[in-house]
Amino acid sequence: MQVQQFSNQGQDVKGLQKVSHWVTDWLQGDLSTITLPEIKGSISIFVGSIHYSLHDMTIVRCDLPEPSVSFSEGTGLSFQLQGLSLAITGQWNTYFGIIHDGGWFDMALFTINLNTLLEFENTEEHLSITTAMCNADVGGVQINFHGGASFLFRSFVKKFSGYIKTMIQQRICPQFQKGIENIDKYLAANDVIKFDSYVYLNLSLTDSPVVFDNGFELNVKGEFYSIKSPSEPPFSPHNFKLPWEANYMLSVGVSEFCINSAAYAYLKSGVLSINITDGMIPKASPIHLNTSQFGSLVPQLPKKYPDMEMEVVLYATDTPLISFNQTVINVELSAAAKFSAIKSPTHLIPLFTLDMHYSFSAKVYTDGQLLKGVLEMKNLTVQLGSTEIEKFDTAPFENLMKTVMNSFVLPKINAQLKEGLPLPSVKGFSLNKSVMTIENGFLFLAADITSPF
């Protein structure tokens, strides 16, 4: 699987600039909920030292200019923030010998600038983000103390401001680096994603990230495994080259190997099977799972086991294989249907097993937020796998199943595909203006991303 992220410099709202909009909107909404760390220190005066503590600080106003974000070729991301201003309220306490005092304060931080460079690396097969460079400065600090005997300290406000400015300035980069470290830990813990209760997806990197001046590229394993019985499939991946589509924020290439590994994982998990009883057949169906009704298909069946309900176990006998072949998706499916007569709820009489092979072709495309397409059955063969009764001709079964597929199953599936299936979204992020094409050996999807912010 291959992933590319781009910044289209020819359009205003693309790539990283759009991401910077999201970051700005998110920060504007969340900064007011952040509790700032306590600031402690001391100031020397002519009769000793005043120890102070500024605590319970919250941001009440934020003037946040849009950050400048760009790719740094060969490294990662350059992030610059110029002219951030904050208004903060909090509590203050001072200690001078046995004299304690306290109150509240208003503080304004002006012209906070942050210039950082983030580096993308492959660390133990996961995308690692580290802070390669960080510079920060605070243009100015203004503090007004209220309550207590705060007027006694007004003459020291300039010293307070200078100390606090230096202390805040020294804390910006470590706090930023701590945030990046948390992101890195999250990435390290999520290179394997539990897809459902049966399979998981391995998204570990197969090589180092490649960063260009207008985007970056990741090659990930993209292999599904059975949670119950993880093992490598009996087929190998093939390299493919993802087209460079810089008019979209995101491009993803999904190989045949990725899709087929999912089919293999589900097969190993034992979920590609179903028990079908007559109660699951619609009442309006012309044929039901009863030995007498199967007389036209298997003449000897009602003679040996008259008027008995049947059960069918339908299961995949091999890994379903999907191939991408220049605009067309081909699907090969081998299955078996094991028929039994129900003598009692705990006593089944084996009858016969049919081996089946299906061939389908599909064409798919995206239309706005929907996945649309058409599915066609190319071929269906039915053979007698084994029998506990006399051998019989499977041609009537084959003709019946072709009729059912072409007259009932495929029309329903294609009606749904014509209306469209919604493209997936993750935590409110969804694909927009997407384009999907089928290439030789892989599926290609290019799209912009819509944010919930």
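Everything in the sequence shown is counted per numbering that gives the first Met the number 0, starting at 0 for the first residue and increasing by one. We put the CB at the ideal spot given by N, CA and C, even for glycine. Remember, it's a predicted structure, so these values are computed and weren't measured experimentally.
Contact set for residue i: own chain, Cβ-Cβ below 7 Å, skip 5 residues either direction
i: T276; result: L288, E310
i: I182; result: I128
i: D11; result: Note that D11 scores 33 on pLDDT, short of 50, meaning its location in the model is unreliable; the coordinates nonetheless yield the value given after this. Result list for D11: empty, nothing under 7 Å.
i: N431; result: A446, D447, I448, T449
i: P454; result: Residue 454 is absent from the structure shown; the chain starts at 0 and stops at 452.
i: K193; result: Y199
i: F351; result: F338, L383, S385, T386, E387, I388
i: N413; result: V373, L374
i: P421; result: Q368, L369
i: L204; result: N121, E124, H125, L126, L217, N218, V219
Residue of the options minimising C-alpha distance to residue i
i: E244; options: S41, L35, L444; result: L444
i: L126; options: M132, L117, L353; result: L117
i: L53; options: S84, W103, R60; result: W103
i: A335; options: M307, G384, S343, L350; result: G384
i: P242; options: K39, I38, L442, V381; result: L442
i: H99; options: I321, S268, G147, K282; result: G147
i: I377; options: I388, L369, F359, T365; result: Correcting the residue type first, residue 377 is Lys in the shown sequence and not Ile. Nearest of I388, L369, F359, T365 to K377, Cα basis: F359.
i: I328; options: Y314, Y51, I437; result: I437
i: E460; options: K164, S322, F119; result: Here the chain covers residues 0 to 452 and nothing more, so residue 460 does not appear.
i: L249; options: F223, S433, L35, T57; result: S433
i: G161; options: D366, M56, A131, A107; result: A107
i: T130; options: I163, N92, N218, S71; result: S71
i: N218; options: F211, L80, K240, S230; result: K240
i: K230; options: N201, P64, A264, G214; result: Residue identity differs from the one stated: residue 230 is Ser in this sequence, not Lys. For the residues N201, P64, A264, G214, the minimum Cα distance to S230 belongs to A264.
i: V251; options: T93, M435, V209; result: M435
i: I280; options: P64, I38, V403; result: V403
i: C133; options: L347, G178, W91; result: G178
i: F323; options: P349, Y197, K362, H346; result: K362
Limits of the beta strand (DSSP E) - the one that residue i falls within
i: S343; result: 327-343
i: E216; result: 214-218
i: K362; result: 346-366
i: Q292; result: That residue, Q292, is in no beta strand (DSSP E); it is neither H nor E in DSSP.
i: A245; result: No beta strand (DSSP E) contains A245, which DSSP labels as neither H nor E.
i: N134; result: 125-145
i: L271; result: Careful: L271 lies outside any beta strand (DSSP E) and carries neither H nor E.
i: G82; result: 75-95
i: S67; result: 67-71
i: S48; result: 47-62
i: T449; result: 441-449
Spatial neighbours of residue i in its chain, beta-carbon cut-off 6 Å, leaving aside the 5 residues before and after
i: D62; result: S84
i: S207; result: N121
i: V297; result: F391
i: K267; result: S225, S228
i: P381; result: In the sequence as displayed, the identity of residue 381 is Val instead of Pro. L353, M355, T393, F396, E397.
i: L332; result: P319, Y357
i: T326; result: I437
i: V330; result: I321, F359
i: A262; result: T318, P319
i: Q79; result: S67, N114
8 Å CB neighbourhood of residue i in its chain, flanking five on each side removed
i: F109; result: S84, V137, G138, G139, V140, Q141
i: H237; result: S254, E255, F256, G440
i: G47; result: F95, G96
i: A135; result: I111, N112, L113, N114, Q168, I171, C172, F175
i: Q299; result: I388, E389, F391
i: D105; result: A86, I87, T88, I142, N143, H145
i: I273; result: V312, L313, Y314
i: S295; result: P395
i: H50; result: K39, G40, S41, T93, Y94, F95
Residue i classed as buried or exposed, judged by whether at least 16 other C-beta atoms fall within 10 angstroms
i: P66; result: buried
i: V59; result: exposed
i: N7; result: Model confidence at N7 stands at a pLDDT of 40, short of 50, so the residue's coordinates are unreliable; what they give is reported in the following sentence. Flag for N7 reads buried.
i: Y185; result: exposed
i: F407; result: exposed
i: N405; result: exposed
i: S43; result: exposed
i: N143; result: exposed
i: K220; result: buried
i: P232; result: buried
i: L76; result: buried
i: S260; result: buried
i: F223; result: buried
i: A188; result: exposed
i: I286; result: exposed
i: F293; result: buried
Where the alpha helix (DSSP H) through residue i begins and ends
i: N259; result: 255-268
i: A394; result: 394-403
i: K302; result: 300-303
i: Q461; result: Because the chain spans 0 through 452 in this model, residue 461 falls outside it and cannot be assessed.
Check your understanding: Quick one: complete alpha helix (DSSP H) runs, 4+ long, within the stretch 171-238?
Key -> Those alpha helix (DSSP H) runs which fall completely within the stretch 171-238 and span 4+ residues do not exist here.
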